[in-house]
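Working notes, structure below.
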DNA sequence: GATGAATGAGCCTTCATTCAT
DNA sequence: GATGAATGAAGGCTCATTCAT
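Chains as they are written, first to last, in my numbering: chain A, 1 to 190; chain B, 1 to 190; chain C, 1 to 190; chain D, 1 to 190.
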């Protein structure tokens, strides 16, 4: 028998990402994705249970890989401030180098499909970040407020500004990121 | 007779909002909206050019009314900091009192439909806000960085945290808003 | 090795019968049958030319085995009336003991697939029955009318009443069968 | 607005009947039916809730009309035997004159769709027949056995023989019907 | 012989929109 | 202005069958 082909699976995921970015979430039908992946619609159902599974899997894949790239070799002994700035820079680098993946994730993150995602699976890779923040709070370096608030102020602005759909005329440069990180730090530092 | 028309138009818009919040953007078809508005599908095409027009109009309506409520009687002589905190509080009040409108706007704002919106029309009512910030910069009270950065740090965190889809287990209280505004102020103040 | 083959073939036929009885004729797809038989879809095409062949073969198998059981040791010297009653009782016994096979055959017998069956192959095993009837006619015990008419009056009522789809609230007991055979005999006897 | 068109409804039902008779139940898809009725597939869903509803409605229509034709002006004072023979003749006439309707009903009656039919609705029009039989039993003219048995012996043979799928080489003539009715009467009479 | 991957065709149904009244 | 009927196109998905191993 033929063997399941990772190349084919990747082609399907790739087609999904590029198509969703191009024509939007709602307009991306299974048969269009299949056509772009140069595959029969039926083949998609060999690799994924259904359309929902395809989209969710694609999203989770992206999110996990993003976390791994941003938080790789995260040093617990590094000063909190330095670690946070480092993560910010890496986030920017990631987005710049994988703009398609990022754009897809943003679109997905605000669609109703998000409800179907296992949140725990996505948040797990960010655990080192949580620990870092916790450490900062204990050292009285960071404000003692809910995590959600700290994260929102830290990285949401960049996530938002970098989105071309939301800010078509605003280009995020490394300098902008640097500035944003400084502002964020002012927001969360004690 | 005008009155009758407006009632019907409002019924359609109302049905659109509640349906989208209930079953999501993609599943909200014209005929379902028509049924909920107790109107024929064909009637919708009398008041709106097409589905896209209906959704965009609904969105713009909401955005404009939101700006008006938040920025009403905005006093230019008020200290910058006080004005910004006031806007934050009003934003929270608005979201709490019009959760359906807000939820629709958030869903719309991240759909591909956003591309079809005339950005200028939406941003116009926020002009007083721009002027206030500009004033703060000139007075050396606020950091001299792009507007987009300032706005992103000011209000995005709350917009994000208040979204139940994104934070199903996090409740935003007036205290949280107060805290967030303080953090935001730390971020943007010079 | 032959044994292994036959086991697999029987597994496929068994899966076909049970699945058709469970979810109906139309819903019984080749891949579902394969799954139930614990076999690859492709394997089915080794033992049967196609789906049609699978179904028809299953049907013919059942029909032939049914005839053999009902008419085994059929004694030509036995009085016509006794032989006919005996066949009736055996028919009932068969149906009770092989309700799955019978149910499948009934469903198949009224589907368009029937057209594909070689009628001669199915009717051949019933030859002793034909001869018996013929004998009865010659002896002026049975009405001299077309065979089809005689058979229809003899056994159709039981076939029909025993079908749970057609008579969900009617239970056929040995007494009912006895009664039906008496009525049938009244119908065909001279 | 346009008005719902009984002609169109009838065209759909007619197309359903002729197509099912031609290519069988399973192969009769909604789009093929639509094409034959010279109508869009979507139009079918205006007149019927779904495919199942279309088929069931068609069947019930046929069954009810059949009963009405066979049992019209059924005279309660007529001798039981005469009434039964009359019904038999009318049944034959009906089948001859509406062979398409009859063929559809037979195919439907043995499909899994039958489970979806409200049995009461179909049996109601046959009530006069029930009463006649009941009358015959009370007068000690007919055997005192369950109704189902009596009906099965009375009309099943003809229903079966007249079915060209089951008996492609057997032609039912008025004489055959007459003979069958005589046999049936012998079966049920006391 | 046996397998699971792979497929184009087709399934039922709903869509956004227009037509006729 | 308002309606419900009407539609071609497209939706997600499964089918019977064949391919490559």
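Beta carbons: idealized from backbone N, C-alpha and C, even for Gly.
For clarity, every value in this text was computed on a predicted model and none was experimentally measured.
For residue 110 of chain B, does the count of other Cβ atoms within 10 angstroms reach 16, so buried, or fall short, so exposed? buried
CB of residue 177 of chain C within 8 Å of CB of residue 89 of chain C, strictly: yes
DSSP state of residue 179 of chain D, grouped into three classes? Looking at residue 179 of chain D - three-state DSSP - the assignment turns out to be helix.
Can you tell me the Cα-Cα spacing of residue 142 of chain A and residue 189 of chain A, whole angstroms? 4 Å
Establish whether the CB of residue 250 of chain C and some CB of chain D are separated by less than 8 Å. With chain C running from 1 to 190 in the structure shown, residue 250 of chain C is simply not present.
Can you tell me which of the three DSSP states residue 8 of chain B falls into? helix
Determine, using beta carbons only, whether residue 60 of chain D comes closer than 8 Å to chain C. no
Whether residue 125 of chain A touches residue 187 of chain A by CB criterion (8 Å): Taking 8 Å as the cut-off, the beta carbon of residue 125 of chain A is found no closer than this to the beta carbon of residue 187 of chain A.
Near-chain C residues of the stretch 145–169 of chain D - C-beta to any C-beta below 7 Å: 145, 148, 149, 152, 153, 156, 157, 160, 161, 165 and 167
Is residue 142 of chain D helix, strand or coil by DSSP? strand
What are the boundary residues of the alpha helix (DSSP H) that includes residue 106 of chain A? Boundaries of the alpha helix (DSSP H) around residue 106 of chain A: 99–109.
Residue 28 of chain D versus residue 174 of chain C - alpha carbon distance: 40 Å
Would you identify the three-state DSSP class for residue 220 of chain A, choosing helix, strand or coil? Chain A is shown only over 1 to 190; residue 220 of chain A falls outside these bounds and no answer can be derived.
I believe residue 13 of chain C touches residue 43 of chain C by the beta-carbon criterion, under 8 Å. Please report the beta-carbon distance rounded to the nearest angstrom. Wrong, their Cβ atoms sit about 13 Å apart, outside the cutoff.
Buried or exposed, going by whether 16 or more other CB atoms sit within 10 Å of the CB of residue 97 of chain B? exposed
Could you name the residues of the stretch 8–35 of chain C whose beta carbon sits closer than 7 Å to any beta carbon of chain D, in the order they occur along the chain? 24, 25 and 26
Write down the C-beta distance between residue 86 of chain B and residue 157 of chain A rounded to the nearest angstrom, noting that I regard them as a contact closer than 8 Å. Not confirmed; about 22 Å, so no contact.
Given residue 161 of chain A as reference, the closest of A:133, A:180 and A:25 once Cα atoms are compared: A:180
Assuming residue 165 of chain D and residue 114 of chain C make a contact with CB atoms under 8 Å, what is their CB distance in whole Å? 6 Å
Measuring alpha carbon to alpha carbon, tell me which of D:151, D:55 and D:94 ends up nearest residue 107 of chain D. D:55
If you count every other CB in all the chains shown that lies within 10 Å of the CB of residue 147 of chain A, and 16 or more means buried, which is it? exposed
Distance between residue 62 of chain C and residue 36 of chain A (C-alpha atoms, nearest Å): 49 Å
In chain order, what residues of the same chain lie with their CB nearer than 6 Å to the CB of residue 271 of chain C, ignoring the 5 residues before and after it? For chain C, the structure presents residues 1 to 190; residue 271 of chain C sits outside this window and is missing.
Are any of the Cβ atoms in chain B nearer than 8 Å to that of residue 120 of chain A? By this cut-off, residue 120 of chain A is not an interface position.
Using a C-beta to C-beta distance shorter than 7 Å, which residues of chain C count as neighbours of residue 260 of chain D? Any property of residue 260 of chain D remains undetermined from this structure, which presents chain D solely from 1 to 190.
Which bits of chain C does residue 188 of chain D rub up against, with CB to CB less than 7 Å? Result: 183.
Can you tell me whether residue 76 of chain C is buried or exposed? The criterion is at least 16 other CB atoms within 10 Å of its CB, across all chains shown. exposed
Within 10 angstroms of the Cβ of residue 183 of chain B, are there 16 or more other Cβ atoms? Answer buried if so, exposed if not. buried
Determine the extent of the alpha helix (DSSP H) in which residue 36 of chain A is found, giving its start and end residues. 30–37
Name, in chain order, the residues that DSSP records as bridge partners for residue 189 of chain C. C:142
Using a Cβ-Cβ cutoff of less than 6 Å, which residues in the same chain neighbour residue 122 of chain B once the five nearest sequence positions on both sides are dropped? 63
Could you tell me if residue 23 of chain C is buried or exposed, where buried requires 16 or more neighbouring beta carbons within 10 angstroms of its beta carbon? So residue 23 of chain C counts as exposed.
Out of C:138, C:69 and C:117, which has the shortest C-alpha to C-alpha gap to residue 92 of chain C? It is C:69.
Nearest-angstrom Cα separation, counted from residue 118 of chain C out to residue 65 of chain C: 16 Å
How big is the Cα-Cα spacing for residue 41 of chain B and residue 9 of chain D? Our two residues, residue 41 of chain B and residue 9 of chain D, have alpha carbons roughly 22 Å apart in a direct line.
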